[in-house]
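S.K.:
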Amino acid sequence: MNILLEVRKSFLQDPQNVLQEWSVDNPNFCTWRGVLCSKTVSDGSLQVVSLNLSDSSLGGSISPSLGLLHNLLHLDLSYNSLSGPIPPTLSNLSSLESLLLFSNQLSGPIPTQLGSLQNLRVLRIGDNGLTGTIPASFGNLENLVILGLASCNLSGQIPPELGRLSRIQNLVLQQNQLEGPIPPDLGNCTSLVVFTVAVNNLSGSIPSELGGLKNLQILNLANNTLSGEIPTQLGELSELEYLNLLGNQLEGSIPETLTNLVNLHNLDLSANKLTGQIPGELGSMSQLIYLVLSSNNLTGEIPKSICSNATSLQHLMLAENQLSGRIPVELRDCRSLMQLDLSNNTLYGPIPSELFELIQLTDLMLNNNTLVGSLSPLVANLNNLQTLALYQNNLQGNLPKEIGMLGNLEILFLYDNQLSGEIPVEIGNCSNLQMIDFFGNQFAGQIPITVGRLKQLNFLHLRQNDLSGEIPASLGSCHQLTILDLADNRLSGSIPATFGNLRALEQLMLYNNSLEGNIPDELINVANLTRVNLSHNRLNGSIAPLCSSRYFLSFDVTNNAFDHEIPHQIGNSPSMERLRLGNNQFTGKIPWTLGLIQELSLLDLSGNSITGTDAIPAFPVQEIDPSRPRQQPSFRTNSILDWESPSIG
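Below you can see the structure in the form of structure tokens.
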């Protein structure tokens, strides 16, 4: 009992009162919370064999007195807020079978003395702030089944002595700062089921000896700097279900032997330097769910056999390679496919109508290719679709009205194509749409008033089209909008007063249109704006309703007919970098508040009827043209500081 009371002293915080029973007034310590006792064979006395205070919100440190509980078999202090070092005295617990200290705030090195715990089967001390190296003495833990050291700050190399752990099944070393090679000695750990060293600084090649781990089910070497080729011997891991090599510097081709892994569910080789063609035999892997080969240097066509027997395949990710040719119609045989990403390749030809038979698709990403033709009305079949990304292709024709049948669609990116015709009113039926980007097409006609039904919309980008007519007042019902860009069109009429309801708006881009009239007073409610550009319109009156924000980075209303004085509130944004008010009809004095904007690098007040300045502090405006020598910061009303650029977008 005295030992336990000594242990309690180190637990300085006990907000859940889990140690309330631990008291000298309650001498039956075997009934204390977290304590399990057993009678000894020799004299029948009660001894503590298990101490489990997991997930008890305890603070403080681990008492060295724990090392005096010589009969302890299990110690679990995980999921607390304990700090300080791991006491080396724990090595005195010679009977200990499991030591669980993970998910605390422990620091300092791992005591090498723990390597003397010959009966230890489970050692999990990860998710702490431990530093130093992995003790080579851990190679002496011949009964160890689980070693968990993940999510610490451990450095140095993986000790080759770990290769002596013949019973080890789980070796989890991920998210540390380990370096050097993976020891080939680990190929002797023939009981290994899980081996993960992801997110470290490991280098060198993948040891071919890992191919001898016949019981291995999970192999995760992701996010290191491993190089060389993928060993063909990995194809001998007949029990393997998960293989993740992403984010390394692996070269060469994808070994065809990997297609022997008939139990594989997840294959991720992305973000490497792999070359050659995609093995068509990958299509024979009937258990495969994830096939991720993105961000490599793979060439050739997408194999027509990629879906030959891929009945379980849900995620096919081939983006950012050098794949060429047409999209194979045989992809329709991947009936379970949910994500298809072929973006950033050199694929050409039309989008096969057969893709629209993949009714489980949630994400279809074909952007950044050279695809031609139009978007088929059969897209309506994809009623589970959440993301449709077809941007930066050569697509033509109208956007089919059937797009309105995609009730789960959240992201619709079609920018940088040659799409034309009117935006279908049916788009207003896509009630879950959050982002629309049609920039750089040839859409004509009016913006559909039905867009106002899209209550989840936070991003609407229709710049550089041929849209005309008035801006629909219904847009003011899209209360989640943060970015609204309708610039470079032929829009006319006035800015709707309903825009005052767009309290979340951060960017308002309406430049290069034919808008006229006053800025609605209601816009004073839009106080989170960071970028505004209304330049090159026919707007007039005061800009004061636009000036309530304190977060402006750029503000441009050049080439309009604004009059009145420049509002002093425009100087309330200390991070403003560019302020352009040129070629209007502003009168009165320049507000002194402009002199307080420390970040201002471009100020254009030219082409107005300004008569003077208030008392202005030292003005921070800088010369912009890098080809000219630096000049003393200046204040000008008739120039734009040699800045020759289009309006800020």
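According to full-length UniProt numbering, the sequence shown is numbered sequentially starting from 1. Note that CB positions come from ideal geometry on N, CA and C, so glycine has one too. These numbers were taken from a predicted model, which means no experiment stands behind them.
#1: Can you list the beta strand (DSSP E) stretches of 3 or more residues lying completely in the stretch 17-82, in chain order?
#2: To the nearest angstrom, how far is the alpha carbon of Glu330 from that of Leu355?
#3: Taking only three categories from DSSP, how would you classify Ser627?
#4: Do you know offhand how far Leu298's Cα is from Leu316's?
#5: Let me check one thing: in DSSP terms, what residues is Ser227 bridge-paired to?
#6: Would you say Glu142 and Arg121 are within 8 Å of each other, going by their C-beta atoms?
#7: Exposed or buried, Ala561, counting other C-beta atoms within 10 Å across all chains shown (16 or more means buried)?
#8: With Lys589 as the anchor, note down where its beta strand (DSSP E) starts and where it stops.
#9: Helix, strand or coil: how does DSSP classify Gln113 here?
#10: Measuring straight from C-alpha to C-alpha, what distance separates Cys152 and Pro183?
#11: Touch check for the stretch 87-103 and the stretch 39-48: three-plus C-beta pairs under 8 Å?
#12: Give the straight-line distance between the Cα atoms of Leu414 and Asn398, rounded to the nearest whole angstrom.
#13: Between Leu340 and the rest of its own chain, which residues show a CB-CB distance below 6 Å, the 5 nearest in sequence each way excluded?
#14: One question on the structure: do Leu82 and Ser57 come within less than 8 Å of each other, judged by their Cβ atoms?
#15: Among Glu281, Gly252, Gln314, which residue has its Cα nearest to the Cα of Val292?
#16: Please state the DSSP three-state secondary structure of Gln442.
#17: Assuming Leu505 and Leu481 make a contact with CB atoms under 8 Å, what is their CB distance in whole Å?
#18: Could you tell me whether any non-hydrogen atom of the ligand SAM is closer than 7 Å to the CB of Glu426?
#19: Pick out the complete beta strand (DSSP E) segments inside the stretch 347-423, 3 residues or longer, and give them in chain order.
#20: Grab the span of the alpha helix (DSSP H) containing Arg8 for me, first residue to last.
#21: Using DSSP with H/G/I as helix, E/B as strand and the rest coil, what is His461?
#22: Where does Leu46 land, buried or exposed, given buried means 16+ other C-beta within 10 angstroms?
#23: Would you kindly work out how many angstroms separate the C-alpha atoms of Phe499 and Lys455, rounded to a whole number?
#24: What's the call for Asp466, buried or exposed, on a 16-neighbour Cβ count within 10 Å?
#25: Go through its chain and collect everything with a Cβ distance to Ala136's Cβ below 7 Å, but skip five positions before and after it.
#26: What are the residues that DSSP puts in a beta bridge with Glu239?
#27: Measuring CA to CA, which of Thr190, Leu202, Leu534, Asn224 is closest to Leu213?
#28: To the nearest angstrom, report how far apart Leu149 and Phe138 are at their CA atoms.
#29: Between the Cα of Ile134 and those of Leu99, Gln118, Leu100, Glu179, spot the shortest distance and give me the residue it belongs to.
#30: How about Asn248 and Leu216: do their beta carbons lie closer than 8 Å?
#31: Identify which residue in Cys547, Asn537, Pro574 has its Cα closest to the Cα of residue 650.
#32: How would you write the range of the beta strand (DSSP E) that Gly325 sits in, first residue to last?
#33: Who are the Cβ neighbours of Tyr242 in its own chain at under 8 Å, not counting the five residues just before and after it?
#34: So, helix, strand or coil for Ser609, using DSSP?
#35: Give me the residue from Leu390, Gly407, Leu395 with the minimum Cα distance to Leu382.
#36: Decide if Gly595 is buried, meaning its Cβ has at least 16 other Cβ atoms within 10 Å, or exposed.
M.R.: Quick look at the numbers:
#1: 35-39, 46-52, 59-61, 74-76
#2: 9 Å
#3: Model confidence at Ser627 stands at a pLDDT of 36, short of 50, so the residue's coordinates are unreliable and nothing is read from them.
#4: 15 Å
#5: Gln249
#6: no
#7: exposed
#8: 587-590
#9: helix
#10: 20 Å
#11: no
#12: 12 Å
#13: Leu316, Leu364
#14: no
#15: Gln314
#16: strand
#17: 6 Å
#18: As presented, the structure is devoid of all ligands, the ligand SAM included, so that no description of it is given.
#19: 363-365, 370-372, 387-389, 396-398, 411-413, 418-422
#20: 2-9
#21: strand
#22: exposed
#23: 14 Å
#24: exposed
#25: Pro159, Glu161
#26: For Glu239, which the question treats as bridged, DSSP gives no partner whatsoever.
#27: Thr190
#28: 12 Å
#29: Glu179
#30: no
#31: For the chain, the structure presents residues 1 to 649; residue 650 sits outside this window and is missing.
#32: 322-326
#33: Gln217, Ile218, Leu219, Asn220, Leu264, His265, Asn266
#34: strand
#35: Gly407
#36: buried
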